[in-house]
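Notes to accompany the following structure.
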Amino acid sequence: MKITKLNEVQISNKNKEKEQFAIDVLTGFTSSPKSLSSKYFYDDYGSQLFQAITQQEDYYLTNIELNILQNSKDALPELVQGEEIDIIELGAGDGHKTKILLQGFLDSGFRVNFYPIDISYEAMNLLNKNIQDSENLFIHGVVGEYIDGLRYVRSLSQNQQIVLFLGSNLGNFDMVSSQVFLRKVWKSMNAADYLFTGFDLKKDVSVLTKAYNDKQGYTRKFNLNLLTRMNNELGANFQLEDFQHFGVYNPRLGAMESYLLSLKEQTVYIKELERSFNFDAYEPIHLEYSFKFSHKDIAFLCEQTGYKIKHNFTDEKNYFVNSLWEVVKN
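In our numbering, the protein residues as written are 438 to 767.
As structure tokens, then:
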């Protein structure tokens with residue numbers, strides 16, 4: 438697999454990334470309540486921890502989506518049709534889910550150009566262990582931000598595309614931000630291209646709560662890794678044992694929310710920002726929303742952002758949906 442690292446070659450360097458990280462921390466810690474951007478979860482170690490989360494029994498999403506993909510892998514090529522396809526995955530992870538879909542297209546006689554896009558070089562290495570080039574499968578990894586990666590791939594090829602955004606990644610955006618993101622994806626695509634994306638459906642709160650508070654504590658480590666990143670990259674002096682992970686469902690928003698709670702009154706200094714930040718006892722740092730969807734929500738998002746639903750694939754419990762959307766352009 439050839440790998441292009443956009444954030445070094447075309448876009449920015451490490452110093453600019455570090456500067457942006459510091460700016461985002463300053464913005465978040467001077468807000469009320471304090472917050473941190475969830476995009477900083479995924480350094481190399483964060484990506485490893487997330488893969489561990491997805492393999493936990495309480496985290497139902499991965500196994501259910503795997504079953505959906507297994508059941509839909511032969512139907513997708515029939516819906517898309519053609520002889521050659523560029524399959525682009527946003528947030529590729531280790532590729533164990535994608536491998537199922539790729540095999541479906543290969544079994545249907547397609548020539549497949551696979552472009553996994555991820556901000557983590559480590560994630561690309563994990564993927565490379567699971568998926569290799571083969572007859573009619575050609576892999577070109579792209580390390581960079583999603584939209585930059587999509588534009589880069591379009592500059593290389595005008596083939597028909599199917600963009601994969603699997604898992605519940607879209608749930609990290611609120612409804613407005615989801616529309617903005619989906620529209621940016623739409624702008625990088627041509628008419629009759631496809632988006633295949635996952636939606637975690639609204640369900641019993643106890644199921645959701647267990648999924649985001651796994652017994653093995655991987656979600657806790659995943660969230661606390663944000664503090665470790667600030668210690669290592671920004672010269673902060675966070676003591677991880679002084680913070681607690683807390684995941685809770687907000688029924689008004691229809692979202693799981695993740696927080697870190699300061700267990701005592703404390704002051705943290707961040708060298709890169711040359712300033713200190715005070716935390717009250719049990720003061721929260723908001724990390725992430727994970728929005729859940731109804732079928733009505735999915736149809737609304739699709740219609741508002743320039744697509745039409747080609748087919749919805751779901752499981753027998755109606756826990757999750759993988760939806761195939763066709764790009765519409767006048």
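Note that the Cβ used here is the ideal one computed from N, Cα and C, for glycine as well.
Where residue i sits in the DSSP three-state scheme
i	result
Asn565	helix
Asp637	strand
Gln488	helix
Phe618	helix
Leu443	helix
Arg712	strand
Glu515	helix
Leu503	helix
Ser592	helix
Ser699	strand
Ser557	coil
Ser509	helix
Phe610	coil
His577	strand
Identity of the residues DSSP links to residue i by a beta bridge
i	result
Ile524	Phe551, Ile599
Glu763	Tyr631, Lys745
Lys471	Ile722
Met693	Tyr686, Ser727
Val705	Phe714
C-alpha gap between residue i and residue j, whole angstroms
i	j	result
His748	Asn715	50 Å
Ala736	Ile746	7 Å
Gln492	Gly635	18 Å
Asp481	Pro553	16 Å
Tyr649	Tyr496	7 Å
Tyr756	Phe683	23 Å
Val600	Gly532	14 Å
Arg591	Gln597	10 Å
Leu593	Leu587	10 Å
Gly581	Tyr589	10 Å
Tyr706	Thr656	25 Å
Lys534	Leu574	16 Å
Ser605	Gly519	28 Å
Glu720	Ser699	5 Å
Leu443	Asp555	10 Å
Met568	Glu526	The sequence shown places Ile at residue 568, rather than the Met named in the question. When rounded, the distance between both Cα atoms is 13 Å.
Ser449	Glu456	Because the pLDDT at Ser449 is just 48, under 50, the model does not fix this residue reliably, and the value given afterwards should be weighed accordingly. Distance between the alpha carbons of Ser449 and Glu456 is about 11 Å.
Burial state of residue i, where buried means 16 or more other Cβ atoms lie within 10 Å
i	result
Gly541	buried
Asp523	buried
Gln447	In this prediction, Gln447 scores a pLDDT of 45, lower than 50, which makes its location untrustworthy; the coordinate-derived value is nonetheless stated afterwards. Answer is exposed; the Cβ neighbour count stays below 16.
Pro470	exposed
Ser695	buried
Leu677	exposed
Arg666	buried
Thr704	exposed
Asn759	buried
Pro688	exposed
Thr441	buried
Gly654	exposed
Ser484	buried
Neighbour flag for residue i against chain D, beta carbons, 8 Å
i	result
Ile746	The chain labelled as chain D is not found in the depicted structure, where only one protein chain is given.
| query | What residue ranges within the segment 637 to 682 form continuous alpha helix (DSSP H) runs of no fewer than 4 residues, ordered along the chain? | reply | Within the segment 637 to 682, the complete alpha helix (DSSP H) segments at least 4 residues long are 642 to 648, 655 to 671, listed from N- to C-terminus.
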